[in-house]
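Just add 23 to the spot in the sequence shown (first one is 1) and you have the numbering used here.
Glycine residues also receive a C-beta, built at the ideal position from the N, C-alpha and C atoms.
Treat the numbers as computed from the prediction; the structure is a model and nothing was measured.
Right, one structure below, let's go through it.
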Amino acid sequence: MGGNFVNQQKENCMKNNIFKIIIFFLALVSLGACDDGCEDYLDQYESILYFKNNGEQHVTIYDTSNEASCEFTVIRAGYNSKKYSTVDVSVLDAVNIQIYNAENETDYKLLPDNCFKLETPTLAFEDTDNHKKVKAFFYIDKIKELDKANYILPLVLNNSSDDINIDKRQIFIVPDIVTPYLYFEKSGYQPYKAEEGGETSFDITIPISMPMENNWDFDCTLKINPELLTAYNETNHADFELLPDNCYTLAEKVSFVSGKSTSIATVKINIPDDLKFGKYMLPIELSECSMPTFDIKEGTNTYLAGIVYQKHIDITELKEIKLTESMISSNARTEDFESLDPRTQLVNIIDGDINTSFHSYWAFHGYPSDFSEFPYIQVELPHVYSGFKFSYVTRTAANGSNNGNANPQELNIYTSEDGIDFTLLKTLSDDLPLSEMGATYESELMVPMSGSFRYLRIESTHSKESILNAIAIAELNLWVAE
24 MGGNFVNQQK
34 ENCMKNNIFK
44 IIIFFLALVS
54 LGACDDGCED
64 YLDQYESILY
74 FKNNGEQHVT
84 IYDTSNEASC
94 EFTVIRAGYN
104 SKKYSTVDVS
114 VLDAVNIQIY
124 NAENETDYKL
134 LPDNCFKLET
144 PTLAFEDTDN
154 HKKVKAFFYI
164 DKIKELDKAN
174 YILPLVLNNS
184 SDDINIDKRQ
194 IFIVPDIVTP
204 YLYFEKSGYQ
214 PYKAEEGGET
224 SFDITIPISM
234 PMENNWDFDC
244 TLKINPELLT
254 AYNETNHADF
264 ELLPDNCYTL
274 AEKVSFVSGK
284 STSIATVKIN
294 IPDDLKFGKY
304 MLPIELSECS
314 MPTFDIKEGT
324 NTYLAGIVYQ
334 KHIDITELKE
344 IKLTESMISS
354 NARTEDFESL
364 DPRTQLVNII
374 DGDINTSFHS
384 YWAFHGYPSD
394 FSEFPYIQVE
404 LPHVYSGFKF
414 SYVTRTAANG
424 SNNGNANPQE
434 LNIYTSEDGI
444 DFTLLKTLSD
454 DLPLSEMGAT
464 YESELMVPMS
474 GSFRYLRIES
484 THSKESILNA
494 IAIAELNLWV
504 AE
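As structure tokens, this is what we get:
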């Protein structure tokens with residue numbers, strides 16, 4: 024008898040454990056099928072309703088027709104929500120809005136009745152539904168006629184056999200009427216390069232987009248606007264020229280088709296053999312749209328294709344040129360500011376001895392601080408050349424220094440044909456010997472934008488010692504191509 028009782032207890036215990044396991048897995052399945060936070064209410068309520076996104080909700084409505092619709096989700100959750108139920112969706116009245124404004128320090132104003140319509144005032148949940156959509160229609164022309172105020176459509180859930188979450192029963196819909204617009208996905212200055220004997224014919228593709236779904240077939244217009252080139256040169260102290268007409272083909276009309284929110288404009292570039300080397304720009308403006316309700320977005324409606332056309336130079340064409348004292352100069356020779364120290368004079372960079380060096384004048388350790396220019400070394404060549412490379416050696420400990428504090432950390436490379444107007448060719452920072460003493464840096468082949476130069480300027484923007492406005496190098500070498 025006792026043994027049978029014990030066996031029965033074990034059997035009942037096993038059944039209970041199996042039942043708990045089944046309940047656990049059913050709960051997991053139920054949780055896995057529920058999103059939007061509804062699992063928070065499974066154990067607390069038999070069935071509860073709430074807005075998925077409650078509180079203030081801004082809705083962007085593009086002004087493309089008189090009517091636009093938006094949907095908002097009502098969630099049903101709970102441990103026994105699989106049943107038929109209904110809930111009313113009503114508009115909060117002006118009195119309650121005033122109460123809400125006072126409690127929350129807001130200044131909402133009720134959207135007039137003629138500006139919207141609800142598809143249905145009552146949502147019916149079948150036993151299989153865990154959410155329903157509230158659909159609201161907005162009348163754009165009526166909304167645009169309103170005075171400037173914070174108009175809202177405040178909806179509230181009421182009258183249901185289910186519980187309603189008091190904290191999530193309201194939604195304040197703010198309709199933001201936005202004029203649709205077109206824009207270049209990439210705008211402003213965009214660099215391109217062509218080289219003599221290389222790829223001189225290529226396509227430039229320019230995506231044009233809108234920030235919304237496209238339901239129309241329409242066109243937009245592109246044009247070349249030289250005023251954009253003038254403005255760019257003035258703002259950036261640049262000297263681009265307008266790309267000649269025979270160097271490109273531009274289809275001025277770009278078509279959009281319904282269902283696609285992006286269209287591609289194509290510019291075909293074809294550089295003729297007789298084009299002089301230099302910097303050119305094709306200033307393209309997105310100017311018009313055939314959709315009367317569309318705007319062109321200012322600030323993203325220009326595409327400035329900057330095309331640098333360069334002479335091709337093979338590295339084997341470079342020949343080292345012997346620099347002389349009359350060819351080199353600097354704006355920061357120490358001897359121009361104080362008594363000459365042989366260890367710092369400029370001529371040391373061409374004496375073939377890495378144990379002598381040039382140190383530019385520096386405003387530090389009691390010296391006057393009125394020298395604020397970036398120090399540079401300038402080379403004047405006997406005649407014009409088409410390309411170059413250079414190398415330099417940082418100073419060694421033999422100069423009396425035990426650190427590389429005056430090593431340049433960044434170099435601006437300028438070229439000029441007349442020694443007056445200089446053009447920035449390149450800024451160097453990678454691979455420079457930033458702290459090593461007696462180290463050599465050799466540049467890559469460089470070709471001036473104009474295709475020729477006679478003057479080379481190497482400018483140091485800062486040295487290793489951040490407060491030291493100076494440059495120190497032991498040797499400078501130069502290779503040029505005719």
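Next on the checklist: What residue range does the alpha helix (DSSP H) around A420 cover?
Outcome noted: From DSSP, A420 is part of no alpha helix (DSSP H); its letter is neither H nor E.
Checklist entry - Among E396, R477, F397, E250, which one has its Cα closest to the Cα of T325? => result Among E396, R477, F397, E250, the Cα nearest to that of T325 belongs to E250.
Item to check | Beta-ladder partner(s) of R480, from DSSP | outcome: DSSP lists Q401, Y437 as partners of R480.
Next on the checklist: Would the segment 146-157 count as touching the segment 94-101 if we require 3 or more Cβ pairs under 8 Å?
Outcome noted: With a cut-off of 8 Å, the segment 94-101 and the segment 146-157 count as touching, because enough Cβ pairs lie within range.
Item to check | Burial state of K43, where buried means 16 or more other Cβ atoms lie within 10 Å | outcome: Summary for K43: the model assigns pLDDT 42, below 50, so the residue's position carries little reliability, and this model does not support an answer.
Next on the checklist: By alpha-carbon positions, which one of A217, V503, A274 ends up nearest to E403?
Outcome noted: The option with the nearest alpha carbon to E403 is V503.
Next on the checklist: Out of I372, K165, D376, G474, which one is the CA nearest neighbour of I494?
Outcome noted: Distances from the CA of I494 to each of I372, K165, D376, G474 were compared; the closest alpha carbon is that of I372.
Item to check | Limits of the unbroken alpha helix (DSSP H) element including A125 | outcome: First-last of the alpha helix (DSSP H) with A125: 117-127.
Item to check | 8 Å Cβ cutoff met for N173 and Y131 | outcome: One thing to note: N173 has its Cβ within 8 Å of the Cβ of Y131.
Checklist entry - Taking C-alpha atoms, which residue in Y464, T129, M233 lies nearest to N119? => result Nearest of Y464, T129, M233 to N119, Cα basis: T129.
Checklist entry - Is the distance from the Cβ of V112 to the Cβ of L180 below 8 Å? => result A distance below 8 Å separates the beta carbons of V112 and L180.
Checklist entry - Which residue comes first and which comes last in the alpha helix (DSSP H) that contains I247? => result In the DSSP assignment, I247 falls outside any alpha helix (DSSP H) and within the unbroken beta strand (DSSP E) covering 241-247.
Next on the checklist: By the three-class DSSP mapping on this structure, what secondary structure does D268 have?
Outcome noted: Looking at D268 - three-state DSSP - the assignment turns out to be helix.
Next on the checklist: Which of the three DSSP states is assigned to N30 in this structure?
Outcome noted: Bear in mind that the predicted position of N30 carries a pLDDT of just 44, short of 50, making it too unreliable to give a figure here.
Checklist entry - If we ignore side chains and look at the alpha-carbon of each, how far apart do L448 and T379 end up? => result Roughly 29 Å separates the two Cα atoms.
Item to check | For S486, three-class secondary structure by DSSP | outcome: Correct three-state label for S486: strand.
Next on the checklist: Would G78 and I247 qualify as a contact pair, given that the criterion is a beta-carbon distance under 8 Å?
Outcome noted: At least 8 Å separates the beta-carbon of G78 from that of I247.
Checklist entry - From the DSSP output, which residues share a beta bridge with V277? => result Answer is C243.
Item to check | Beta-carbon proximity list for S278, same chain, < 7 Å, skipping 5 on both sides | outcome: If we look at S278 and ignore the five residues flanking it on each side, its Cβ neighbours are D242, S286.
Checklist entry - Near T289, which residues of its chain fall below 6 Å by C-beta distance, leaving aside the five closest residues on each side in sequence? => result Excluding residues up to 5 positions away in sequence, D226, T228 lie with their Cβ nearer than 6 Å to the Cβ of T289 in the same chain.
Checklist entry - Roughly how many whole angstroms lie between the Cα atoms of F48 and E208? => result Caution applies to F48, whose pLDDT of 41 falls short of 50 and renders its modelled position unreliable; the value that the coordinates give is listed next. Distance between the alpha carbons of F48 and E208: 50 Å.
Item to check | Nearest-angstrom Cα separation, counted from K167 out to M314 | outcome: A direct Cα-Cα distance of roughly 19 Å separates M314 from K167.
Item to check | 8 Å CB neighbourhood of E467 in its chain, flanking five on each side removed | outcome: Same-chain partners within the cutoff: K412.
Checklist entry - With respect to 7 Å, is the separation between the Cβ of D116 and the closest non-hydrogen atom of the ligand MG below this value? => result The ligand MG is not part of the structure shown, which contains no ligands of any sort.
Next on the checklist: For N89 and D164, I'd like the C-alpha separation in whole angstroms.
Outcome noted: When rounded, the distance between both Cα atoms is 6 Å.
Item to check | Of the listed residues E348, I351, L72, C138, nearest to D170 (C-alpha basis) | outcome: For D170, the nearest C-alpha among the options comes from C138.
Item to check | Strand pairing of L447, partner residues [DSSP] | outcome: Its beta-bridge partners are Y437.
Checklist entry - What is the rounded straight-line gap between the Cα of N182 and the Cα of F161? => result Whole-angstrom Cα-Cα distance: 25 Å.
Item to check | Closest by C-alpha distance to C270, when choosing among D136, H485, T223 | outcome: With distances taken between Cα atoms, C270 lies closest to T223.
Next on the checklist: Short of 8 Å in beta carbon distance, which residues of its chain neighbour I46, apart from the five on each side in sequence? Order them along the chain.
Outcome noted: Per-residue confidence for I46 stands at a pLDDT of 39, beneath the threshold of 50, marking its modelled position as unreliable; the derived number appears in the next sentence. None.
Next on the checklist: Considering just the uninterrupted stretch of the beta strand (DSSP E) at R302, what are its terminal residues?
Outcome noted: Before going on, a small fix: residue 302 reads as Lys here, not Arg. Looking at the DSSP string, the run of the beta strand (DSSP E) that includes K302 is 301-312.
Checklist entry - Do the segment 337-356 and the segment 308-322 meet, that is, are 3 or more Cβ pairs less than 8 Å apart? => result In short, these stretches do not touch, since the Cβ pair count stays below three.
Next on the checklist: Within the continuous alpha helix (DSSP H) that includes K167, where are the two ends?
Outcome noted: Looking at the DSSP string, the run of the alpha helix (DSSP H) that includes K167 is 163-167.
Next on the checklist: So, with DSSP's three-state summary, where would you put L251?
Outcome noted: Note: L251 maps to helix in three-state DSSP.
Item to check | Residues sharing a beta bridge with T507, DSSP | outcome: There is no way to answer for residue 507, as the model of the chain reaches only from 24 to 505.
Item to check | For L176, the residue or residues it bridges with in DSSP | outcome: Under the DSSP definition of a beta bridge, L176 partners with I196.
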